[in-house]
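Under UniProt numbering, the first residue of the sequence shown is numbered 1, with each subsequent residue one higher.
Report on the structure given below.
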Amino acid sequence: MDLRGLIGRWPVIRQLRGEDGRGSAARSARTDALRPRTAEADTVARSVCPYCAVGCGQLVYAKDGRVTQIEGDPDSPISRGRLCPKGAASKQLVTHPGRQTTVLYRRPYGTEWESLDLATAMDMIADRVMATRRETWQETVDGKVVRRTLGLASLGGATLDNEENYLMKKLYTALGAIQVENQARI
Ligand code: SF4
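The structure is reproduced here in C-alpha cells:
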C-alpha cells in the first residue's frame, strides 16, 4: 500500500472524512476478522453461578465436551445477562490447571498436607461422624426425651442448591444434629 493509502487508513483522517469515530473509522481488517469466543461452541447449557447466593444465570459454552466460555444469561430474571468479575471468571473453576483435584488432609499435629483419594477421605469422615455421635448422644435432658447430639453441626456454603440443602437437612436430622445452617438461596 502506498503512503497516501496508508495515511488514508489512519483513524483520525477517516473521522475527518466523516466516518463514525465509534464505528467504521475505528475498524481494521483485524477487528473485522475477530470472532466471539462462543462462535465455535457445539453446545450451550443453562446454569447458575456457583459462587454466591445471588444465583446469577449463566450460559456455559462447550466444544468437544470441554467448557470454552461462560457468559451471563440474558434470560435470567435474577441477573439479566450480567455476571460480576468472580462469576465471569468461573470458567477457571473447571479449566484452570492449578485447581485442586484431590482431597488434602493434614493429620493432627501434622505440618504437611497429604493427598487422599475420595473413598478413603469419605470413610474417615464417616468413622468420625459415627464416633462423635456415639460419644455425645443425649437421650434425655432434665428428664425430657431429646434424642439429639450437640457434637455435630453443619455450616453449608453459598454454592449449595435447594436439593443439596434438602438432603443435608434430612441427613443431619436423621443423625440427631440440631445445629444446621447454610447461606444458600440458589
Ligand atoms: S456472578 Fe457474582 S454476584 Fe452473580 S452469583 Fe456469581 S458470584 Fe454471585
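All residues carry an ideal CB built from backbone N, CA and C; glycine is no exception.
The structure displayed is predicted, hence computed values, not measured ones.
Consider the C-beta atom of residue i and the heavy atoms of the ligand SF4; say whether any pair is separated by less than 7 Å.
i: Y61; result: no
i: L83; result: yes
i: S115; result: no
i: Y51; result: yes
i: S76; result: no
i: S47; result: no
i: K91; result: no
i: G87; result: yes
i: G157; result: no
i: V146; result: no
i: V54; result: yes
i: S79; result: yes
Once you ignore the five residues that flank residue i on each side, which residues in its own chain have a CB closer than 7 Å to its CB?
i: E19; result: A25
i: K91; result: V67, Q69, I70
Which residues share a DSSP beta bridge with residue i?
i: W137; result: T149
i: Q69; result: Y61
i: Q179; result: A153
i: K144; result: V141
i: A89; result: DSSP, once it has assigned bridges, lists no residue as partnering A89.
Beta-carbon of residue i versus every beta-carbon of chain C: anything under 8 Å?
i: D142; result: In the displayed structure, chain C is absent; only one protein chain is listed.
With a CB to CB cut of under 6 Å and the five nearest residues on each side skipped, what residues in its chain are close to residue i?
i: W137; result: T149
i: T38; result: Y61, Q69
i: Y172; result: S154, V180
i: Q58; result: S47, C49, I70, D73
Quick one: using the 10 Å Cβ neighbour count with 16 as the cut-off for buried, is residue i buried or exposed?
i: A177; result: buried
i: G143; result: exposed
i: L6; result: exposed
i: L175; result: buried
i: G110; result: exposed
i: G87; result: buried
i: P83; result: Before going further, note that residue 83 is Leu rather than Pro in the sequence given. Label assigned to L83: buried.
i: S28; result: exposed
Report the residue from the options whose alpha carbon sits nearest the alpha carbon of residue i.
i: E114; options: M122, L59, T102, I125; result: T102
i: M124; options: T111, T140, R106; result: R106
i: A45; options: R27, D32, G65, V146; result: G65
i: D42; options: R30, G23, T31, V67; result: V67
i: V54; options: D117, L167, M168, D161; result: D161
i: E112; options: A89, L104, L118; result: L104
i: Q100; options: G81, L167, L118; result: L118
Within a Cβ cutoff of 8 Å, which residues of the same chain sit near residue i, ignoring the five residues on either side of it in sequence?
i: R132; result: Here residue 132 is Thr; the residue named in the question, Arg, does not match the sequence. Answer for T132: T149, G151, L152, listed in chain order.
i: E139; result: V145, V146, R147
i: T95; result: R66, V67
i: P36; result: none
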